[in-house]
Amino acid sequence: MDNKETVIVLDFGGQYNQLIARRVRECNVYCEILPYTVDIQRIKEIAPKGIIFTGGPNSVYDKKSPHYTPEIFELGIPILGICYGCQLMAYLLGGNVISATDNSVSEYGKTETSYKDDVLFNDIPKEGISWMSHRDYINEPPKGFKITATTANCPVAAMSDADKKLYGVQFHPEVNHTENGKDMLKSFLYNVCECKGDWKMDNFIDTTVAQLKEEIGDKGVVLGLSGGVDSSVAAALLSKAVGKQLTCVFVDQGLMRKDEGDYVEQTFTKLFDMNFVRINCQEEFLSKLKGVEEPEAKRKIIGTEFYNVFWNKIRESYGTGYFAQGTIYPDRIESGKGDAAKIKTHHNQVGVPADITFEGIIEPLKDLFKDEVRAVGEKLGLPHELVWRQPFPGPGLGVRVIGEVTAEKVRILQEADAILRDEMDKCGYAEKMSQFFAVLPGVKTVGVMGDARTYDELVAIRAVTTDDFMTADWAKIPYEILGRVSNRIINEVEHVNRVVYDITSKPPGTVEWE
Ligand code: XMP
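Numbering (numbering that gives the first Met the number 0), first residue to last: 0 to 513.
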């Protein structure tokens, strides 16, 4: 890690941990999430300006609950404990945590809270709503601490030992429901940790470009471009650093949305200085998919074919120099949950075949959250619609044509999907959705057009709103919009005679149909 000022979020398994880190970064302070299993030596080496203990689902008295060595309180580094992190701080320093056996004292949701004079609360009203989610509570803070906030049920809603720079809050300042929560975090970062706030996307671009230039020197660098946000922003950054030394390889398997391949090619060849290699291989993909109906088998074929086409090209022409990929921070966060802190492998991180040996792997976005990646993309001049595009599954329309995939079915789906996107864009609804698309279920139904009977394809519309894609609501799109989409699809797309709207949430449905 270089010498930028850093705050560590010590992960005790809470659900809002990435949110805490993002809030810290929004305050222009760089921050990293580390699992509670991290050795204290590593923390000493990083020498952070501050540490935040996260919440977590446990009670400090559970045998298996995550703890940390009390030595951390002796380092002289400011610490803020949140929820479970606050209870752990109280417990380890000799305060009294009550393990609630009934629900009478537990607090969930918005809670009226009174704040006292304290550096965290100096600039906010003394009464406000905080977001609580706890069963256990602290009824007596450790020696040397004063109580700095209370609620009707919670005698110690916040506590601090200003001399030792130790702070704790029972509520969650990182969630929007806590009024002025961001100000509290900001005060901790600036007034307690004395951060200067040097984490800005302009600085990031300048420093990263300089580092990339130095690292790559006069060598070549190759990047697999998918047209998604992460690889696109990585490409733009690398282009700024090394121009034509960069080659982007774009595999167009013919399973993208209508005209998307051309759009990606035009964007990168017109706006950026680089070599752009497009491999058109729809026929190869479709021939491998011929007769295959089972969703997992289709995914596997598409994944394997993609891997082979991409690496064969690299092997043939670009197997030296550096290999770059669009890994972003959430792809490589070590989780504090479970027994071992494992780094998960992710679709952004590609396995390089053993026979190809690069000088090294370059991941210019590896420290950024998605919203930061988007901010960098905008600053580098990528088109707004590319930077803000919806997630698109790796196997593309291959999992939206249900059952066997053929060129004709892909064409029908592309046309229907393009009409849906056009109508949603025109009425401003596109931006309100987390994701929407058309599906071709491969079902034929009877209809009547003019005076004639038809027997043609059914198109389904899927649209969801969600924060994290783990759960999702079906979107309540107004009937008039759905009506227009349906009319246009049936009138304009040959071989479609019926349109339906999917009103299934996740769970029990998934977002994609396959
Ligand atoms: P599901 O269908 O699992 O989708 O509810 C959740 C989100 O993940 C996307 N998705 C994929 N993304 N490769 C990807 O890169 C895939 O194989 C894949 N499958 C689903 C989906 O579009 C949604 O945003």
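C-beta atoms are modelled at their ideal positions from N, C-alpha and C, and glycine is treated no differently.
Mapping DSSP to helix, strand and coil, what is residue i?
i, result
"residue 434", "strand"
"residue 30", "strand"
"residue 473", "strand"
"residue 280", "coil"
"residue 510", "coil"
"residue 60", "coil"
"residue 194", "coil"
"residue 159", "strand"
"residue 206", "helix"
"residue 257", "coil"
"residue 251", "strand"
"residue 338", "Unreliable placement is indicated for residue 338, whose pLDDT of 36 sits below 50; the coordinate value is still reported in the next sentence. Looking at residue 338 - three-state DSSP - the assignment turns out to be coil, as it is neither helix nor strand."
"residue 273", "coil"
"residue 165", "strand"
"residue 315", "helix"
"residue 223", "strand"
"residue 42", "helix"
"residue 345", "The predicted model places residue 345 with a pLDDT of 48, which falls under 50 and marks its position as unreliable; any figure quoted below should be read in that light. Of the three classes helix, strand and coil, the one that applies to residue 345 here is coil, per DSSP."
"residue 68", "coil"
"residue 442", "coil"
"residue 400", "strand"
How about residue i and residue j: do their beta carbons lie closer than 7 Å?
i, j, result
"residue 45", "residue 8", "no"
"residue 53", "residue 130", "no"
"residue 291", "residue 299", "no"
"residue 417", "residue 423", "no"
"residue 435", "residue 462", "yes"
"residue 198", "residue 311", "no"
"residue 94", "residue 137", "yes"
"residue 501", "residue 451", "no"
"residue 325", "residue 229", "yes"
"residue 453", "residue 496", "yes"
"residue 565", "residue 208", "This structure cannot speak to residue 565, because the chain is shown only from 0 to 513."
"residue 110", "residue 150", "yes"
"residue 30", "residue 23", "yes"
"residue 168", "residue 81", "yes"
"residue 492", "residue 406", "no"
"residue 466", "residue 494", "no"
"residue 213", "residue 19", "no"
"residue 361", "residue 318", "no"
Have a look at the DSSP bridge pairing and note the partners of residue i.
i, result
"residue 107", "132"
"residue 423", "Looking at the DSSP assignment, residue 423 forms no beta bridge with any residue, so it has no partner."
"residue 360", "322"
"residue 51", "8, 79"
"residue 495", "456"
"residue 113", "126, 149"
"residue 447", "452"
"residue 505", "471"
"residue 462", "435"
"residue 139", "95"
"residue 246", "221, 274"
So which of the options has the shortest CA-CA distance to residue i?
i, options, result
"residue 250", "244, 326, 259, 243", "259"
"residue 391", "511, 43, 267, 478", "511"
"residue 371", "3, 21, 287", "21"
"residue 191", "327, 281, 6", "6"
"residue 245", "219, 110, 478, 378", "219"
"residue 140", "111, 114, 182, 85", "85"
"residue 217", "155, 432, 167, 241", "241"
"residue 194", "77, 331, 41, 72", "77"
"residue 278", "313, 293, 266", "313"
"residue 284", "271, 255, 272, 265", "255"
"residue 106", "60, 123, 295, 154", "154"
"residue 267", "87, 475, 68, 223", "223"
"residue 271", "169, 352, 174, 376", "376"
"residue 75", "97, 302, 172, 49", "49"
"residue 234", "128, 381, 67", "381"
"residue 307", "273, 352, 282", "352"
"residue 528", "169, 261, 231", "Limits of the chain in this structure are 0 at one end and 513 at the other, which puts residue 528 out of reach."
"residue 16", "41, 73, 43, 55", "55"
"residue 97", "60, 91, 67, 504", "60"
"residue 483", "420, 301, 275", "420"
"residue 448", "72, 282, 490, 206", "490"
"residue 122", "182, 135, 161", "182"
Mind reading off the beta-carbon distance from residue i to residue j? Whole number of angstroms is fine, and I expect it under 8 Å.
i, j, result
"residue 385", "residue 323", "Contact doesn't hold; Cβ gap of about 18 Å is too wide."
"residue 602", "residue 477", "The structure shown does not extend to residue 602, since the chain is modelled only from 0 through 513, so no value can be given for it."
"residue 186", "residue 118", "6 Å"
"residue 363", "residue 188", "Between residue 188 and residue 363 the Cβ distance is about 26 Å, and since that is not below 8 Å, they are no contact."
"residue 166", "residue 79", "5 Å"
"residue 432", "residue 474", "6 Å"
Could you tell me whether any non-hydrogen atom of the ligand FMN is closer than 6 Å to the CB of residue i?
i, result
"residue 13", "This structure lacks the ligand FMN; the ligands present are the ligand XMP."
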